[in-house]
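S.K.: Residue numbers (my numbering): 14 to 262.
Okay, handing you the structure first.
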Amino acid sequence: PAPTSPNSGSDSSVSRSALFAQINQGAAITSGLKHVSDEMKTHKNPSLKSQGGPVRTGPKPFTVAKPACTVNISSKFPAKKEPPMLELEGKKWRVENQENVSNLVIRDTELKQVAYVYKCVNSTLRIQGKINSITLDNCKKLALVFDDVVGIVEIINSHNVQIQVMGKVPTISINKTDGCQVYLSKGSLDCEIVSAKSSEMNILVPTDSGDFVSSFPYCSEVTLKADKVGGYSPRHTAVTEPANYGRML
14 PAPTSPNSGS DSSVSRSALF AQINQGAAIT SGLKHVSDEM KTHKNPSLKS
64 QGGPVRTGPK PFTVAKPACT VNISSKFPAK KEPPMLELEG KKWRVENQEN
114 VSNLVIRDTE LKQVAYVYKC VNSTLRIQGK INSITLDNCK KLALVFDDVV
164 GIVEIINSHN VQIQVMGKVP TISINKTDGC QVYLSKGSLD CEIVSAKSSE
214 MNILVPTDSG DFVSSFPYCS EVTLKADKVG GYSPRHTAVT EPANYGRML
């Protein structure tokens, strides 16, 4: 056992004796307490409430330290690049995430099929045969060449795209697009072109020599209809009408 101090036993005896002596005082034990006057009572002196409580002298509560610097996770880890796709899914041709590809071709199309072209950059797509509709969405520097469309060709949210019609198409819709050149064939001169919230558009029509001339160099929110009264000529112009936004919905 650990050695004990010779005075430890006597000290504990003295403490116990003092404790019993205070207990034996009975009612006289409160005589040593300090008297609290009315001025020191909060319910007697309301001004004490505004002075606040006693000053805290203990250790400060634990707080989490702020980081010395912050790291931008989005800049450190760039967005995942989706793989390129060119496949037939049911009745929809999906051409997505193609970049710097100049020989994209869709063959053996059917009348009930549609083509959806999404996020293609600096590429060329050729669609052969007759198809129901074509949609270009969020494409940049894309060239599209197609034969025949029985429904509509839509260009939305795109930049610097070129479209060439080899056969016929009844309607072309251009929405929220900056930079679009449309090359019409002689068989598609009666095509209706609807544009909204777009800029830097150019509609080109063929001449007898095979060259193309600009028919309507710029339109932002109009509907273009070919005017073939008197026959076709190189000075072919377009009749403009207010855009029917119901067609775009």
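All C-beta atoms in this analysis are idealised placements derived from N, C-alpha and C, irrespective of residue type, glycine included.
Quick caveat: nothing in here was measured; it's all calculated off a predicted structure.
1) So if DSSP puts E112 in a beta bridge, which residue, or which two residues, is it bridged to?
2) Below 6 Å CB to CB, which residues in the same chain sit around Q194 once its five sequence neighbours on both sides are set aside?
3) For G142, which three-state DSSP category applies?
4) Give me, in chain order, the residues of the same chain whose beta-carbon lies closer than 6 Å to that of V127; leave out the 5 immediate sequence neighbours on both sides.
5) Would N170 and T184 be called neighbours here (beta carbons separated by less than 9 Å)?
6) Would you call the CB atoms of V182 and F159 closer than 9 Å?
7) Mind checking who Q100 pairs with in its DSSP beta bridge?
8) Compare the Cα-Cα distances from V178 to each of V114, G142 and C152 and report the closest residue.
9) Hey, V118 and L149 are a contact pair by Cβ (cut 8 Å); roughly how many whole angstroms apart?
10) Confirm, please, whether the CB-CB distance from S211 to I187 is below 9 Å.
11) Taking only the alpha-carbon atoms, compute the straight-line gap between S136 and E213 and give it to the nearest angstrom.
M.R.: So, from the data block:
1) V134
2) Q175 and N215
3) strand
4) K105, N145 and S146
5) no
6) yes
7) It should be noted that the sequence gives Glu, not Gln, for residue 100. Bridge partners of E100: R107.
8) G142
9) Actually they do not touch by this definition, with Cβ atoms about 16 Å apart.
10) yes
11) 20 Å
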